[in-house]
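Per the working numbering, residue 236 is the first one in the sequence shown, and the count goes up by one each step.
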Amino acid sequence: MRAESVRGMRDVLPDESQLWRRLEREIHRTCGLYAYREIRPPLVELAELFARGVGEGTDIVHKEMYVFPDRKGLQLALRPEATASVVRAYIEHGLHSRGDLAKLYYLGPMFRYEKPQRGRQRQFHQYGVEALGSLDPALDAEVIDLAAELVSSLGLSRERLTMRLNSIGCSADRPVYRAALAAYLREHLEDLCTDCRRRVGENPMRVLDCKRPGCREVAATAPHSAHHLCKDCAQHYGEVKAYLDTLGLAFHEDYTLVRGLDYYTRTVFELCSAELGAQDALLGGGRYDDLVELLGGSSTPAVGFAGGLERLVLLVKEREGTESEEELDVCLLPVGDDPRVRGATVKILRELRSSGRSADMEYMDRSLRKAMQVAARRAQWAVVLGSTELDQGQATVRHLASGRESRLPLESLASAEGWPR
Ligand code: HAM
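This is the structure we're talking about:
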């Protein structure tokens with residue numbers, strides 16, 4: 236057997252996981268600031284949840300979902316996204332009864348059988364928020380603001396990112412728009428790819444998603460969903476834009492933005508970065524006012540977004556480079572062959588760790604000079620321990636960056652005052 240990972244599923248190695256943890260901390264912090272509480276749905280759900288929720292005809296369900304039977308023949312799926320899971324949990328646990336608005340966020344792996352490329356894996360990680368229970372356009376703006384704030388708190392400049400915004404209206408607007416779009420697309424059939432020609436009859440809005448140049452050209456002059464909105468949806472869209480202006484959030488109205496999942500209604504948005512290349516969506520989301528009811532709950536409007544953590548990592552890494560090795564507080568370097576030394580080193584190591592100082596010792600039997608070089612890359616302080624130190628009950632603690640040293644008692648090294656800096 237060759238030791239290799241499954242295509243599209245990659246390891247995050249320690250050098251990079253340091254950056255992942257920083258981003259995760261920032262996600263928890265920002266979601267907390269906006270009063271979202273964490274939910275952790277399982278990775279496996281009934282396949283039917285996504286077929287109904289995300290849509291049988293979407294690429295995600297139709298082509299990309301990992302579906303398998305359990306031992307009793309129940310059709311299960313590795314979650315391709317988390318919105319349907321969150322809605323399922325919201326209904327199952329009656330979360331609406333604990334307060335009228337449920338503001339939830341999540342972070343974790345998702346699975347889609349896509350063609351792997353830069354920024355696109357088969358196992359990837361999403362962070363996302365879902366606010367269930369209100370139609371207020373201020374909530375749409377809050378969700379967009381949270382997404383933008385998160386990205387700028389990570390030091391990514393908003394100028395290099397584009398917030399694409401559109402409204403695709405409610406379920407009553409959809410047939411009217413679909414008919415207008417299909418009529419237009421039928422006039423341009425010869426310019427569309429084979430897939431899109433089929434889509435015109437099945438789900439014409441998917442044509443607007445197609446990345447092929449010919450289809451994009453046709454999409455660019457297609458009728459706009461935002462021009463086929465009922466009075467309430469038009470007002471809602473206008474208010475969302477007004478709130479975004481109030482918050483000073485720049486956006487670009489993109490009438491070809493329809494998103495690849497069937498549950499959306501009204502507001503849809505995507506934050507894109509040209510630096511990501513073909514997979515340019517850093518995050519995306521929108522309203523889904525019919526989904527809770529579709530999955531068996533009572534009619535509940537909702538809005539949310541999700542972003543790919545790998546894509547965030549790519550951008551932050553490009554900006555900052557990979558971070559250095561994680562810094563350790565202390566490295567203990569036992570020397571000589573006095574049998575007491577290693578026992579004393581192990582004991583002091585334990586005391587340092589118990590007192591809250593991260594510590595490690597030299598296990599590789601390197602020369603003191605070499606061990607000191609390694610310690611200088613890893614730790615703030617080094618302590619050399621030999622029989623002389625044990626006899627005197629004191630050791631020299633060296634601050635590796637400055638070279639300053641102090642003699643400190645071994646008995647109380649962990650709690651001793653006067654560590655050099
Ligand atoms: P989505 O657009 O399918 O939306 O995915 C959201 C984000 O996940 C994308 O913008 C991208 O950053 C990342 N992503 C998607 N697929 C991959 C992949 N194969 N590899 C790496 N990153 C990927 C949703 O999933 C909706 N549930 C978002 C939502 C939440 N809408 C309302 N609430």
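Glycine is no exception: its CB is placed at the ideal position from the N, C-alpha and C atoms.
Alpha-carbon to alpha-carbon, residue j and residue i
i    : j    : result
A579 : R656 : 25 angstroms
R409 : T500 : 9 angstroms
T535 : E553 : 41 angstroms
K466 : E394 : 33 angstroms
R275 : R264 : 16 angstroms
R347 : R245 : 14 angstroms
Y419 : M398 : 27 angstroms
S644 : L374 : Before going on, a small fix: residue 644 reads as Pro here, not Ser. Going from the Cα of P644 to the Cα of L374 covers about 59 angstroms.
A516 : D335 : 32 angstroms
A415 : K476 : 25 angstroms
M607 : K338 : 51 angstroms
R575 : G638 : 28 angstroms
A461 : F504 : 13 angstroms
D564 : G591 : 10 angstroms
Y598 : A630 : 19 angstroms
W616 : D524 : 57 angstroms
N438 : R432 : 10 angstroms
V609 : L567 : 11 angstroms
L635 : L587 : 17 angstroms
C266 : T429 : 42 angstroms
A469 : A417 : 22 angstroms
K350 : Q356 : 8 angstroms
L657 : L248 : With the chain covering only 236 through 656, there is no way to say anything about residue 657.
I403 : E291 : 19 angstroms
E261 : L278 : 23 angstroms
DSSP three-state assignment for residue i, whether helix, strand or coil
i    : result
V241 : coil
R432 : helix
Y523 : coil
A319 : helix
H459 : coil
K582 : helix
T293 : coil
G267 : helix
P644 : strand
V493 : coil
K338 : strand
L603 : helix
L381 : helix
S637 : coil
G473 : helix
E488 : strand
R272 : strand
A651 : coil
Q352 : strand
S332 : helix
G591 : coil
A516 : strand
Proximity winner among the options, relative to residue i (alpha-carbon distances)
i    : options                   : result
T623 : G539, V570, H328 and R287 : V570
G243 : E259, Q358 and L268       : Q358
A537 : V378, R522, R642 and E510 : R522
S589 : G292, S647 and G532       : S647
R642 : A636, L635, A649 and G653 : G653
A270 : E505, G532, I326 and V378 : V378
L367 : R323, L396, M345 and S388 : R323
I583 : L526, E474, A469 and A651 : A651
F486 : Y341, C507, R260 and R546 : C507
E422 : A454, S392 and D573       : A454
R577 : Y325, L603 and G621       : G621
H471 : A376, A594, D430 and V435 : A376
E562 : M236, V411, A614 and C405 : A614
A649 : A636, R604, K605 and R585 : R585
G288 : G390, Q514 and E316       : E316
L526 : A509, V619 and A286       : A286
R256 : G343, V619, D595 and Q627 : G343
G520 : L389, G531 and T502       : T502
CB contact below 7 angstroms: residue i versus chain B
i    : result
G288 : Going by chain labels, chain B is absent from the structure shown, which holds only one protein chain.
Bridge partner(s) assigned by DSSP for residue i
i    : result
M596 : L567
N401 : V503
V538 : A366 and R522
Q358 : F346
V618 : L567 and V632
A312 : E280 and V302
S388 : Bridge partners of S388: none, in fact.
L396 : S508
- Message: I want to know whether the segment 296–307 touches the segment 363–377 - three or more CB-CB distances under 8 angstroms.
- Response: no
- Item | Contact between the segment 477–491 and the segment 375–385 (3+ Cβ pairs under 8 angstroms) | yes
- Item | At least three beta-carbon pairs within less than 8 angstroms, the segment 309–319 to the segment 268–282 | yes
- Message: Under 8 angstroms: do the segment 486–498 and the segment 440–448 share three or more Cβ pairs, one atom per stretch?
- Response: yes
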